[in-house]
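Top to bottom, those sequences are chains A and B. Using this note's numbering, you'd call the opening residue of the first sequence number 1311 and step up by one each time. Using this note's numbering, you'd call the opening residue of the second sequence number 117 and step up by one each time. Backbone N, C-alpha and C fix where the C-beta goes; we use that ideal spot for every residue, glycine too. Remember, it's a predicted structure, so these values are computed and weren't measured experimentally. All remarks here apply to the structure that follows.
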Amino acid sequence: MRDTSAYDSAVVADRPPFEDLYREFMRRIYAYVRAQVTSSADAEDITAQVFMNAYHAYGRFEPRNTTPAAWLFRIARNATLDHFRAHGRRERLRRTIEHQPVAEVDPAGVAEERIQYRALLTYVAKLPERQRDAISLRHSGLSFEEVGGLMSCSEDAAKMLYHRALKALRESVQEGMA
Amino acid sequence: MSDNENRELQALQRQLDDAFETTRPRAGFEDDLWSRMQARRPLWAQVRDFFAGLLASVRRVPAARAATVAVVLVLAIGIGILSLRGPGGGGGASTATSRDARTAPFGGAASGAFGRLPAPALQPVSAADTGPKTVIPSGLAAGQSAVTLYFGPAHLEWAGQFNVQVTSAPVYRYTEPASSAADQFAASVGASRRQASSGPGGLGSFSGTGFVLNVTSTTKSPPREAYFVLTPDRSSLPAPGPTATDTANSFLAAHNLVPAWPNVVGTSQTSDVLQVLYLRQFAVQGVGQAYMVDWVGERHGLEVDLRGGQPLQVVGPLPVTLDTADYPIISSGQAVKAALASSPAAPASIEPTPTVRLTTVELVYALAAGPDHSFYEPAFLFSGTFTHNGITYVKRVLVPAVAP
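Here it is in structure tokens:
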């Protein structure tokens, strides 16, 4: 698991400058979102929305109640779900109507395709929603307690869900390679 | 679990760590986004930070140089104000003005029982929205043609018949719900609070027997009313009904979620998910029922998603108390003039600028969100099509109907 930042588990007494949070978490939030959606353009849009929302809500952020990481990832999770609600249904509908397969080519993400592990994230994106979420949140550096809090389940349930997801991912990767 | 399996899973975990660690947005995105966020800060915040920066500088300056600092401070304040307002003295305000101009052909205000009203507007909120966008018109049968929306600049012409005859229409207002309203709603569906809030605008997370409920307050961008998302536990669902609509109706009734507002029910099938849509309507004397539309002009209401014939999720507006007041409506001539003069809701994404003949107009209701109150307001939704590179696009223009 990646090293966690000072903001991850420690509940900071005062709000750090928002820019500190931004610089600390922007890439992690992007990676989390990117594992959920099919294009880097969508991931950038959602990431932008996440930080716009967070920026406007920062005055109401209460650091004594939650960590900045949990707070930001909750915003990211809600924004991603909103994206699926607002766009996913229509996109699925469009594909159904036009009998088109899911687009394989993402011109905006050509540079990103060079990244060695892109294929693995594609398999993550194909997992059922909760499994995908558990994997993405955990590997974005959140503790199981934080993952459980975000997914409205206990820490133990989050661990179980994560391990089930991991096994499902392994099977999916093996099937894909067969 | 065998040792071999363990090793495989550990290897997979390491690969996932690396995959997430190495996934990055394009070069420059981080700084671009930060600049955009700074640019969108309100003027008062920019002024506040400007003075805060100056004061911090003053505190660091030795007392002996105080007089020099005072002179510098005066000059800096003057320069700062000029730089914030721009050489014409209106730079700071011009951002707000251009946004108002885009959203409110009549200045975004109207006098009436609720006072000045914010103006409803189409508002594609992301780059993905601002480009051409393919959607299925909501609430109609599956199998209909998809349409591709275009929000960018266009040369607009009016070539339709304006058959909407109305001189006044109700505006509905609600007070932004507090977490207590979410508690009350949760109790009405048999849920109790799990968490205080969930993210910005989160009014609470709740759980009931066999489901989880999240409630979110009104959002300004995109303009969206306070809403709930109820997700049932898939392991304890009742048997599907004879039709999808029956299943949705039963599920809503069982959870006390049947819409209290007038609506038209439609369904849309997409891969393994079927949506039952309860499209909200508002009564307007002399017109009948007017549909509510969302931020891209799609009909909007409550949605029940079904998979395998069983409920997957319900998303709908949080029930709120609506005050109402009648407002005068602009004439058809004013509406057409405003539509033709309207600013685009998004930057250009098709070149050259297309010419669009607007051919239809419909009275609709759209949400205009304010800080303390939000409003369901009447508006005229104009629509027309054009073809570019063999693709037919739909251009929509939303004109606030309330007279200034």
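Please go through the same chain and pick out, in chain order, the residues whose beta-carbon is closer than 6 Å to the beta-carbon of E419 of chain B, but skip the five residues on each side of it. Stepping through the second sequence from its first residue, residue 419 of chain B is reached at position 303. Here the set comprises Q391, L393, V431.
Proximal chain A residues relative to Q292 of chain B, where beta-carbon distance stays under 9 Å: The count along the second sequence starts at 1 and reaches residue 292 of chain B at position 176. The sequence as given places Glu at residue 292 of chain B; Gln does not occur at that position. Under the 9 Å cutoff, chain A gives no residues; its nearest Cβ is about 13 Å from E292 of chain B.
Cβ shell of R1384 of chain A (< 7 Å), same chain only, five flanking positions each side left out: One-based indexing of the first sequence puts residue 1384 of chain A at position 74. Excluding sequence neighbours, R1384 of chain A sits near L1460.
Environment of S304 of chain B [buried if 16+ CB atoms lie within 10 Å]: On the second sequence, residue 304 of chain B is found 188 positions in, with the first residue counted as 1. Answer is exposed; the Cβ neighbour count stays below 16.
Would S1379 of chain A pass as a contact of F1335 of chain A if the rule is Cβ separation under 9 Å? As a position in the first sequence, residue 1379 of chain A is number 69, starting the count at 1. As a position in the first sequence, residue 1335 of chain A is number 25, starting the count at 1. A small fix is needed here, since residue 1379 of chain A is Ala in this sequence, not Ser. For A1379 of chain A and F1335 of chain A, yes; Cβs fall inside 9 Å.
Less than 9 Å between CB atoms is the rule here; does L1331 of chain A satisfy it with respect to chain B? In the first sequence, counting from the first residue as 1, residue 1331 of chain A sits at position 21. So no, L1331 of chain A is outside the interface.
Please classify A457 of chain B: is it buried, with 16 or more other beta-carbons within 10 angstroms of its beta-carbon, or exposed? Here residue 457 of chain B corresponds to residue number 341 of the second sequence, with the count starting at 1. The residue is exposed, with fewer than 16 neighbouring Cβ atoms inside 10 Å.
Examine chain A for any beta-carbon lying closer than 9 Å to the beta-carbon of W150 of chain B, and answer yes or no. Residue 150 of chain B sits at position 34 when you count from the first residue of the second sequence. With 9 Å as the cut-off, W150 of chain B counts as an interface residue toward chain A.
Can you tell me whether DSSP reads N122 of chain B as helix, strand or coil? Here residue 122 of chain B corresponds to residue number 6 of the second sequence, with the count starting at 1. N122 of chain B falls in the helix class under three-state DSSP.
For A1444 of chain A, tell me which candidate among A:L1431, A:A1475, A:Y1433 has the shortest Cα-Cα distance. Numbered from 1 along the first sequence, position 134 holds the residue referred to as residue 1444 of chain A. Looking at the Cα atoms, A:A1475 is the closest of the given residues.
Among B:S333, B:D349, B:S337, which one has its Cα closest to the Cα of Y343 of chain B? Numbered from 1 along the second sequence, position 227 holds the residue referred to as residue 343 of chain B. Per the Cα distances, B:S333.
So which residues on chain B does T1377 of chain A lean against when the C-beta distance must stay under 7 Å? Locating residue 1377 of chain A in the first sequence gives position 67, counting from the first residue. Per Cβ cutoff of 7 Å: no residues; T1377 of chain A is ~13 Å from chain B at best.
How would you list, in chain order, the residues of chain B whose beta-carbon sits under 9 Å from the beta-carbon of L1431 of chain A? Along the first sequence, one-based indexing puts residue 1431 of chain A at 121. Simply L132, A135, F136, T139.
Using a Cβ-Cβ distance cut-off of 9 Å, determine whether V331 of chain B contacts chain A. The residue given as residue 331 of chain B occupies position 215 in the second sequence. No, no contact with chain A.
Quick one: what's N1363 of chain A bridged to in DSSP? For this step, residue 1363 of chain A is matched to residue 53 along the first sequence. None; N1363 of chain A has no bridge partner.
Hey, E273 of chain B and T440 of chain B: beta-carbon distance below 9 Å or not? Along the second sequence, read from residue 1 onward, the residue named residue 273 of chain B stands at position 157. Along the second sequence, read from residue 1 onward, the residue named residue 440 of chain B stands at position 324. No, they are not a contact pair.
Just curious, the alpha helix (DSSP H) that W150 of chain B is in, first and last residue? Your numbering for residue 150 of chain B matches position 34 in the second sequence. 145-155 is the extent of the alpha helix (DSSP H) around W150 of chain B.
H1393 of chain A burial status per 10 Å Cβ neighbour count (16 or more: buried): Walking along the first sequence from the start, residue 1393 of chain A turns up at place 83. Per the 10 Å Cβ criterion, buried.
Under the rule that 16 or more other beta-carbon atoms within 10 Å means buried, what is N330 of chain B, buried or exposed? The count along the second sequence starts at 1 and reaches residue 330 of chain B at position 214. N330 of chain B comes out buried.
S577 of chain B CB to nearest chain A CB: under 9 Å? What the structure shows of chain B is the stretch from 117 to 520, and residue 577 of chain B is not part of that stretch, so it cannot be assessed.
Chain B contacts from the stretch 1353-1384 of chain A (Cβ-Cβ distance under 8 Å): A1353, E1354, D1355, I1356, T1357, A1358, Q1359, F1361, M1362, N1363, A1364, Y1365, H1366, A1367, R1370, N1375, W1381, R1384
Backbone secondary structure at D91 of chain B - three-state DSSP: For residue 91 of chain B there is no data in the structure shown, the boundaries of chain B being 117 and 520.
Residue interval of the alpha helix (DSSP H) (run including G449 of chain B): Mapped onto the second sequence, residue 449 of chain B falls at position 333. Counting along the chain, the alpha helix (DSSP H) containing G449 of chain B begins and ends at 448-456.
Got a sec: is the Cβ-Cβ distance from L128 of chain B to anything in chain A below 9 Å? Counting from one through the second sequence, the residue named residue 128 of chain B turns up at place 12. So, interface residue.
Under 9 Å by beta carbon: chain B residues contacting R1474 of chain A: For this step, residue 1474 of chain A is matched to residue 164 along the first sequence. Within 9 Å Cβ-Cβ: nothing; R1474 of chain A doesn't reach chain B, min ~11 Å.
Could you give the DSSP three-state label for Q1441 of chain A: helix, strand or coil? One-based indexing of the first sequence puts residue 1441 of chain A at position 131. Three-state result, Q1441 of chain A: helix.
Please decide whether V1483 of chain A counts as near chain B, where near means a Cβ-Cβ distance under 9 Å. Position 173 of the first sequence, counting from 1, holds the residue named residue 1483 of chain A. Yes, because at least one Cβ of chain B sits closer than 9 Å to the Cβ of V1483 of chain A.
9 Å Cβ cutoff, K1477 of chain A in contact with chain B: Here residue 1477 of chain A corresponds to residue number 167 of the first sequence, with the count starting at 1. Interface residue, yes.
Determine, using beta-carbon pairs with one atom in the stretch 1462-1481 of chain A and one in the stretch 138-147 of chain B, whether at least three such pairs fall under 8 Å. no
By the criterion of Cβ-Cβ separation under 8 Å, what are the contact partners of M408 of chain B in chain A? As a position in the second sequence, residue 408 of chain B is number 292, starting the count at 1. Near M408 of chain B there are no residues of chain A at all, since even the closest Cβ is about 16 Å away, more than 8 Å.
Give a yes or no on whether 9 Å exceeds the smallest Cβ distance from E124 of chain B to chain A. As a first step, residue 124 of chain B is located in the second sequence; it is residue number 8 there, counting from the start. E124 of chain B counts as touching chain A.
Once DSSP output is grouped into helix, strand and coil, what is the label at N1375 of chain A? Residue numbering aside, residue 1375 of chain A sits at position 65 when the first sequence is read from its first letter. N1375 of chain A: coil per DSSP, three-state reduction.
Looking at the C-beta of V1434 of chain A, does it have a partner C-beta in chain B at a distance below 9 Å? Taking the first sequence and counting its residues from 1, one reaches residue 1434 of chain A at position 124. It does: the Cβ of V1434 of chain A has a partner Cβ on chain B nearer than 9 Å.
Over what stretch of residues does the beta strand (DSSP E) that includes Y108 of chain B continue unbroken? Residue 108 of chain B is absent from the model: chain B starts at 117 and stops at 520.
So, does the stretch 365-378 of chain B touch the stretch 405-421 of chain B, judging by three or more C-beta pairs under 8 Å? yes
Taking the beta strand (DSSP E) that F491 of chain B falls in, what are its first and last residues? Against the second sequence, residue 491 of chain B aligns to sequence position 375. Segment 489-504, the beta strand (DSSP E) holding F491 of chain B.
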